[in-house]
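As they're listed, the protein sequences go chains F and W.
Sequential numbering from 689 applies to the first sequence in our numbering.
Sequential numbering from 3 applies to the second sequence in our numbering.
Beta carbons: idealized from backbone N, C-alpha and C, even for Gly.
Read the structure below first, then the notes.
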Amino acid sequence: MAKALKINKNTEEGLLQLLEFLLDSEKVEGIFSLKKLNKNGNIAYSLITNKDELKGAVPLDPHMPVNAGKILSHFTLAEKTKRPVAAVLRPCELRAFVELIKRAQGSLENILLISLSCGGVFPIDTMNNGDAKKRSSSYAESLKKAENSPDVRKTCQSCDNFLPQLADMTVLTVGKKDADKECIIYLNTKQGENFAKDAPGNTISAEIESSETEKLKSKRKENKEKLFKDFEKTGNGISGFSRVFAACLGCHGCGEACPICYCTLCDFDSKTCEYKPESYESELEHKGGLKIPPGTLFYHLGRMSHMAVSCVACGMCSDVCPVNIPVADVFTKVGAALQDVFQYSPGKDIEEPVPSGTFKEEEFKEVGEH
Amino acid sequence: MSSDFKPNIVGFLCNWCSYAGADLAGSSKMEVKPYLSVIRVMCSSRINSNLVLTALLWGADGVLIAGCHPGDCHYEQGNYYARRRFALLKKIMETLKLEPDRLQLSWVSASEGKRYAEVVNKFSDEITKMGPNPIHKNPKI
Ligand code: SF4
Ligand code: SF4
Ligand code: FES
């Protein structure tokens, strides 16, 4: 049985109360959370050090304007934070942060990780739609019943990895029927317990996994299998793959938004991959015609070979694509296949090396014997 | 496939073993099919996915990577990394049905001139049978 903090307020208010306590008691110096920017529904991640600024914080709002793992990596890359910061982020964002730390792109030190059992997020481009209220109340209802909200990202609807690993605290949202009255925050680590010490609320013991989370998990698994099968129908083979990416502008926005793509200078933006007049010429010589912009398939396959084994299935790439290419369908599918080969689970274990940076002598014995 | 198809195969050969193996095959006057364009690399671990993808997307019908047998790498561990990278790229090609058979990795030591000839001849036959790589002649890709 895990320890948990029970607060007699609705789930978001309960969490806000805890955040306020952490600031007030100077246990943390800052809060990293989503926050409302204006009345139009715009939301962005914010760093908050002043209690008054906590007003308008919406840590559980179902949007992911950017994958927070990437932001936390930027914060802690040059230097770890000197004073503790509490960060509220979704499980796939936390996984991304861990993957980045494994690549020496950040530090966990002095960061209190608060995550949640995750119902998914809405696509970014619906953020300012007038129906926000309606959508969030139907989202809340789905969460209570541990059902998929039809309004969340396609990638979220097929994500069975919605219980955070490595979080110090986990806010219960999935299947929390009385979320309007009560807030449960699991204290998963010693650090989580220490920070929550003396916080308002009662300490109880409870289990995060329940028949409700199991229910959602199996539904999501089912969706995932279907998503991958559906992709095969249209995306298989060279012709299928080029059809999926036919409209690609080559903007590389998917890689920019992807938390795992951290390279300051991406190979595919570098001189090596630049098309020079003679590249056009030589290609035209044997093809007689050339799709413009060239090199889009190379970009996607190359990017995939660099990072898909660590794909955390956040769906950012699909979300930002200006021409609605289901990038995440491809990357999560290939990611799952690669993770299976290497028995690797992104973001699960901070000590486990990234597959490309390690090997075992006794593996892939059949390779090379042809 | 028409019998006059002559495949264009890129062979990345490790300097310390497979390249020497190719030399031995030549100096022993073994018959080796002439379809391999050999690129000498200092170790099989020099090969990354971008190199292989460049070959496959811009002209090659097949890619052969050859290096020292596991345990025999001149740099001790290079080929273990190469083997992982190969497994990764192969799995991507398999998952997306991108004709994974066009990519092969073979261990060939400096003393295995005969094995070198066999590997190249067999792979050449297989690629000839598969026919031209549909990617690089397609103006829509
Ligand atoms: S490839 Fe797409 S789904 Fe996977 S981690 Fe990157 S942005 Fe997220
Ligand atoms: S975001 Fe879309 S258009 Fe831009 S490179 Fe990625 S797939 Fe292509
Ligand atoms: S030196 Fe031959 S594989 Fe490393």
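Should ILE1060(F) be labelled buried (16 or more other beta-carbon atoms within 10 Å of its own) or exposed?
Residue 1060(F) cannot be examined here, being either before or after the span of chain F that is shown, 689 to 1058.
Any heavy atom of ligand 3 within a distance shorter than 6 Å of the CB on TRP60(W)?
In the second sequence, residue 60(W) corresponds to position 58, counting from 1. TRP60(W): no, Cβ never under 6 Å from ligand 3.
List, in chain order, every chain A residue whose beta-carbon is nearer than 7 Å to that of ALA89(W).
Absent from the structure: chain A. Protein chains present are F and W.
Name the residue from LYS1021(F), SER899(F), CYS949(F) and SER930(F) whose alpha carbon lies nearest to the alpha carbon of PRO982(F).
Start at 1 with the first residue of the first sequence, and residue 982(F) comes out as number 294. Answer by Cα proximity: SER930(F).
In this structure, does DSSP put PHE810(F) in helix, strand or coil?
Within the first sequence, numbered from 1, the residue matching residue 810(F) stands at position 122. Taken through DSSP and simplified to helix, strand or coil, PHE810(F) comes out as strand.
Just list the residues that DSSP pairs GLY13(W) with in beta bridges.
Here residue 13(W) is taken as the residue at index 11 of the second sequence, counted from 1. Paired residue(s): VAL40(W) and LEU66(W).
Around ligand 3, which residues pass a check of Cβ closer than 6 Å to any of its heavy atoms?
Residues with a Cβ closer than 6 Å to any heavy atom of ligand 3, in chain order: CYS16(W), TRP18(W), CYS19(W), CYS45(W), SER46(W), SER47(W), GLY69(W), CYS70(W), CYS75(W), HIS76(W), TYR77(W), GLY80(W) and ASN81(W).
Compare the C-beta of THR97(W) with all C-beta atoms of chain F and state if any pair is closer than 7 Å.
As a position in the second sequence, residue 97(W) is number 95, starting the count at 1. By this cut-off, THR97(W) is an interface position.
Which residue or residues does DSSP assign as beta-bridge partners of SER893(F)?
The residue labelled residue 893(F) in the question sits at position 205 within the first sequence. Its beta-bridge partners are LYS691(F).
Using the C-alpha atoms, what's the distance from LYS139(W) back to MET3(W)?
Position 1 of the second sequence holds residue 3(W). Position 137 of the second sequence holds residue 139(W). Low per-residue confidence applies at MET3(W): pLDDT is 48, beneath 50, and the placement is therefore not dependable, though the value from the model is reported in the following sentence. Computed Cα separation, rounded: 16 Å.
Return the CA-CA distance between LEU711(F) and LEU722(F), expressed in angstroms with no decimal places.
Along the first sequence, read from residue 1 onward, the residue named residue 711(F) stands at position 23. Along the first sequence, read from residue 1 onward, the residue named residue 722(F) stands at position 34. Rounded to the nearest angstrom, the two C-alpha atoms are 16 Å apart.
I want to verify the contact list: residues of chain W whose CB lies under 8 Å from the CB of GLY990(F), in sequence order.
By one-based count along the first sequence, residue 990(F) stands at place 302. By Cβ distance, chain W contributes SER51, ASN52 and LEU55.
Using a C-beta to C-beta distance shorter than 8 Å, which residues of chain W count as neighbours of GLU1049(F)?
As a position in the first sequence, residue 1049(F) is number 361, starting the count at 1. Correct list: PRO72, GLY73 and TYR82.
What does SER108(W) pair with, by DSSP beta-bridge criteria?
Stepping through the second sequence from its first residue, residue 108(W) is reached at position 106. SER108(W) pairs with GLU1057(F) and ALA68(W).
Is it the case that the CB of ALA1016(F) approaches a heavy atom of ligand 1 more closely than 6 Å?
Translated into the one-based positions of the first sequence, residue 1016(F) becomes position 328. The closest heavy atom of ligand 1 lies less than 6 Å from the beta carbon of ALA1016(F).
How about LEU66(W): is its C-beta nearer than 7 Å to some C-beta of chain F?
The residue labelled residue 66(W) in the question sits at position 64 within the second sequence. For LEU66(W), the answer is no, since every Cβ of chain F falls outside 7 Å of its Cβ.
From ASN924(F) to LEU1026(F), what distance separates their C-alpha atoms?
The residue given as residue 924(F) occupies position 236 in the first sequence. The residue given as residue 1026(F) occupies position 338 in the first sequence. Roughly 17 Å separates the two Cα atoms.
Considering only C-alpha positions, which residue in the set ALA84(W), THR56(W) and LEU26(W) is nearest to TYR118(W)?
For the purposes of this step, residue 118(W) is taken as residue 116 along the second sequence, with counting starting at 1. Relative to TYR118(W), the option among ALA84(W), THR56(W) and LEU26(W) whose CA is nearest is LEU26(W).
What did DSSP end up calling ILE143(W) once you bin it into helix, strand or coil?
For the purposes of this step, residue 143(W) is taken as residue 141 along the second sequence, with counting starting at 1. In the structure shown, ILE143(W) falls within a coil segment according to DSSP collapsed to helix, strand and coil.
Provide the residue(s) that pair with HIS751(F) in DSSP beta bridges, ordered along the chain.
The residue given as residue 751(F) occupies position 63 in the first sequence. PHE810(F), per the DSSP bridge assignment.
Please report the distance separating the alpha-carbon of LEU801(F) from that of VAL1055(F).
Taking the first residue of the first sequence as position 1, residue 801(F) is located at position 113. Taking the first residue of the first sequence as position 1, residue 1055(F) is located at position 367. Each residue's alpha carbon lies about 41 Å from the other.
Within the 7 Å Cβ cut-off, does TRP109(W) reach chain F?
Locating residue 109(W) in the second sequence gives position 107, counting from the first residue. Contact with chain F is found for TRP109(W), since one of that chain's Cβ atoms lies less than 7 Å from the residue's Cβ.
Which one or two residues does DSSP pair with LYS964(F) in a beta bridge?
Residue mapping note: residue 964(F) aligns to position 276 of the first sequence, counting from 1. DSSP lists no partner for LYS964(F).
Between ILE137(W) and LEU98(W), what straight-line distance do the alpha-carbon atoms span, to the nearest angstrom?
On the second sequence, residue 137(W) is found 135 positions in, with the first residue counted as 1. On the second sequence, residue 98(W) is found 96 positions in, with the first residue counted as 1. If you draw a straight line from the Cα of ILE137(W) to the Cα of LEU98(W), it comes to about 14 Å.
At a cut-off of 6 Å, is ILE980(F) close to ligand 2 when judged by its beta-carbon and the heavy atoms of the ligand?
Your numbering for residue 980(F) matches position 292 in the first sequence. False, no ligand heavy atom lies under 6 Å from that Cβ.
Where does the unbroken alpha helix (DSSP H) through ALA884(F) begin, and where does it stop?
Your numbering for residue 884(F) matches position 196 in the first sequence. It spans 878-884 - the alpha helix (DSSP H) in which ALA884(F) sits, taken as one unbroken run.
In this structure, does DSSP put ALA782(F) in helix, strand or coil?
Numbered from its first residue, the first sequence carries residue 782(F) at position 94. The question names Ala, yet the displayed sequence has Leu at residue 782(F). Residue state for LEU782(F) is assigned as helix, using DSSP reduced to three classes.
So, is MET689(F) buried or exposed, given that buried needs 16 or more other C-beta atoms within 10 angstroms?
Position 1 of the first sequence, counting from 1, holds the residue named residue 689(F). Classification of MET689(F): exposed, given that the 10 Å Cβ count is below 16.
Residue nearest to SER795(F) in terms of C-alpha spacing, selected from LEU831(F), ALA775(F), ILE812(F) and LEU765(F)
Your numbering for residue 795(F) matches position 107 in the first sequence. Minimum Cα distance to SER795(F) is reached at LEU765(F).
Neighbour flag for ILE1013(F) against chain W, beta carbons, 7 Å:
In the first sequence, the residue the question calls residue 1013(F) occupies position 325. Taking Cβ atoms only, chain W never reaches closer than 7 Å to ILE1013(F), which makes this a no.
Answer with yes or no whether the minimum CB distance from GLY977(F) to chain W is below 7 Å.
Working through the first sequence from its first residue, we reach residue 977(F) at position 289. Yes, its Cβ sits closer than 7 Å to a Cβ of chain W.
Can you tell me where the beta strand (DSSP E) holding THR858(F) begins and where it ends?
Working through the first sequence from its first residue, we reach residue 858(F) at position 170. Where THR858(F) is concerned, the enclosing beta strand (DSSP E) stretches over 857-859.
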